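**Q** One structure is given below, represented as structure tokens, and several questions about it will come after.
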Amino acid sequence: MINRSETALKGIIATPVTPLAADGSVDYATQKRMTRFLVAHRVHGIAIPTHMGESLRLSLDERLQLAQKTVDCVEGSVPVMVHVSATDRRDVIRLASDAERIGASGILVHPPYHSRLTAPALEDYFASILSEVNIPVYGYNSRSEGGYSVPGDLVASLASTWSHFRGIKDISGSIDYLAEVCGFAARVNREFSILVGGEHLVAVLALGGHGAFAGAFAIVPRMIHALYEACVQGNMAVARPLQFQLSSLLQVLSVHYPSRYKIALEIMGRPTGSLRLEVGGEYQSERSVVEQVLKEIGAMETEPHGWVTSD
28 MINRSETALK GIIATPVTPL AADGSVDYAT QKRMTRFLVA HRVHGIAIPT
78 HMGESLRLSL DERLQLAQKT VDCVEGSVPV MVHVSATDRR DVIRLASDAE
128 RIGASGILVH PPYHSRLTAP ALEDYFASIL SEVNIPVYGY NSRSEGGYSV
178 PGDLVASLAS TWSHFRGIKD ISGSIDYLAE VCGFAARVNR EFSILVGGEH
228 LVAVLALGGH GAFAGAFAIV PRMIHALYEA CVQGNMAVAR PLQFQLSSLL
278 QVLSVHYPSR YKIALEIMGR PTGSLRLEVG GEYQSERSVV EQVLKEIGAM
328 ETEPHGWVTS D
């Protein structure tokens, strides 16, 4: 078995939704089917539960159970990253310690929600978590206007101080930031992974990054896998059209996030229940919009239906 904590995080890291039963409880049976589906369709890793999976609407015990069952299900075949961000630092440290205990490959840490910390305070925040665990820690860079960014100079400082600070997930959408951290990763004399949040693989891999966290992988795994392979091979004639198709899907799914992701999964024969807090509009109109874009990009004919585990 590969020691996943010693290998660089790269490729397609699925960020699945959290399946819920009719009474709002976590549907662990469906979560197991989803995990097996992701692995069967050659995902390179799984991150759970991220914002896509309603992490902040789940209890700490539910989050731990999801992580534990995912680690058990993959049996070491792919790395499992655990998203430990919370509103209370004590909860973050508890989730981080639990992730290490159950055998997770690493953790994702978002800056404190609803806070605009000074640079020293933010470094202290990350240091307090890094000091509690030995598994790889990945920073979670969000949009700076919300006060949630991990500045490039802080990335460099943390990486120089802590050997197990191993990379960044960037969902800012800033090409300047992405270029800055990819440039840093190219200069350091050790593995340091840069992955985007969202399946913008052409951009991140062209800059020397390592992959993407992919919420849509559970919906269109064949398309995303083909896009990744085309990018790795430098075949832009194949990669660009796939990226444009995927982007049209992501634009539709981003409305009422992540409600439409669950609608798309249902359309593809992989129902995961409703959200814990529904944020969508009128269901039938939402479904028709999602179904239309899935047809336009050819997903209804080319992608698997149901929880099939063969590609």
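Heads up: the sequence shown begins at 28 in my numbering, then just goes up one per residue.
Idealized CB from N, CA, C, for every residue including glycine.
Remember, it's a predicted structure, so these values are computed and weren't measured experimentally.
Verify whether the separation of the beta carbon atoms of Thr222 and Ile40 is less than 8 angstroms.
**A** A small correction: the amino acid at residue 222 is Leu; Thr does not occupy that position in the sequence shown. Contact flag set, yes.
**Q** Report yes if the C-beta distance between Gly238 and His71 is below 8 angstroms; otherwise report no.
**A** yes
**Q** Mind checking Ala146: buried by the 16 CB within 10 Å criterion, or exposed?
**A** exposed
**Q** Phe240 and Ala74 look like a contact to me (Cβ under 8 angstroms); what is the Cβ gap, rounded to whole Å?
**A** At roughly 6 angstroms, the Cβ-Cβ gap stays under 8 angstroms, so Phe240 and Ala74 are in contact.
**Q** Is the segment 250-270 in contact with the segment 290-304, if contact means three or more CB pairs nearer than 8 angstroms?
**A** The segment 290-304 and the segment 250-270 do not touch, with fewer than three beta-carbon pairs separated by less than 8 angstroms.
**Q** Which residues does DSSP list as the beta-bridge partners of Val66?
**A** DSSP lists no partner for Val66.
**Q** Below 8 angstroms between beta carbons: does that hold for Leu232 and Met250?
**A** no
**Q** Closest to Val215 by C-alpha separation, out of Arg60, Ser184, Lys196, Ser142, would be which residue?
**A** Ser184
**Q** Kindly identify the DSSP beta-bridge partner or partners of Asn262.
**A** Looking at the DSSP assignment, Asn262 forms no beta bridge with any residue, so it has no partner.
**Q** Return the residue from the list Ser190, Pro178, His191 that minimises the CA-CA distance to Cys209.
**A** Pro178
**Q** Check the C-beta distance from Asp118 over to Leu87 and give it rounded, since I have them as a contact under 8 angstroms.
**A** 6 angstroms
**Q** Going by alpha carbons, who is nearest to Ser112 out of Asp180, Leu135, Val265?
**A** Leu135
**Q** Do you know whose CA, among Ala213, Gly173, Ile202, lies nearest Ala186's CA?
**A** Ala213
**Q** Could you check if Gly38 is buried or exposed, using at least 16 other CB atoms within 10 Å of its CB as the buried criterion?
**A** buried
**Q** Cα separation between Ser315 and Asp180?
**A** 45 angstroms
**Q** In this structure, what does DSSP give as the bridge partners for Leu47?
**A** Val53
**Q** Anyone know if the C-beta pair for Val53 and Thr45 falls short of 8 angstroms?
**A** yes
**Q** Can you check the segment 138-214 for any alpha helix (DSSP H) of at least 4 residues that lies completely inside it and give the ranges in chain order?
**A** 146-157, 179-188, 202-214
**Q** Return yes when the Cβ of Val160 is within less than 8 angstroms of the Cβ of Glu127, no when it is not.
**A** yes
**Q** Using the C-alpha atoms, what's the distance from Val182 back to His137?
**A** 13 angstroms
**Q** DSSP on Ser82, reduced to helix/strand/coil?
**A** helix
**Q** Helix, strand or coil: how does DSSP classify Asn30 here?
**A** The predicted position of Asn30 is uncertain, since its pLDDT is 45 and thus under 50; no value can be drawn from it.
**Q** Please report how far the alpha carbon of His283 lies from the alpha carbon of Tyr310, in whole angstroms.
**A** 11 angstroms
**Q** Do you know whose CA, among Ala264, Arg116, Val317, lies nearest Tyr288's CA?
**A** Val317
**Q** To which residues does DSSP link Ile75 through a beta bridge?
**A** Ile75 pairs with Val109.
**Q** Check the Cβ-Cβ distances between Thr188 and every residue of chain D, and say whether any is below 8 angstroms.
**A** The structure shown has no chain D; it contains just one protein chain.
**Q** Suppose the cutoff is 6 angstroms on Cβ atoms and the five residues either side in sequence are ignored; what does the same chain contact list for Gly235 look like?
**A** Correct list, in chain order: Cys209, Ala213.
**Q** Distance check for Ile324 and Leu91, CA to CA, integer angstroms please.
**A** 36 angstroms
**Q** Under a Cβ-count criterion, where at least 16 other Cβ atoms within 10 Å of its own Cβ denotes burial, should Leu205 be classed as buried or exposed?
**A** buried
**Q** Tell me the rounded alpha-carbon separation between Tyr339 and Gly80.
**A** The chain is shown only over 28 to 338; residue 339 falls outside these bounds and no answer can be derived.
**Q** So Ala131 packs on Val107, CB below 8 angstroms; how close in whole Å?
**A** 5 angstroms
**Q** Of all the options Gly224, Pro139, Leu228, Ala35, which has the alpha carbon lying nearest to the alpha carbon of Met263?
**A** Leu228
**Q** Once you ignore the five residues that flank Glu313 on each side, which residues in its own chain have a CB closer than 8 angstroms to its CB?
**A** His283, Ser286, Arg287, Ile290, Gly307
**Q** Could you check the C-alpha separation between Phe101 and Arg63 for me, to the nearest Å?
**A** Correcting the residue type first, residue 101 is Val in the shown sequence and not Phe. Taking the straight line from one Cα to the other gives about 7 angstroms.
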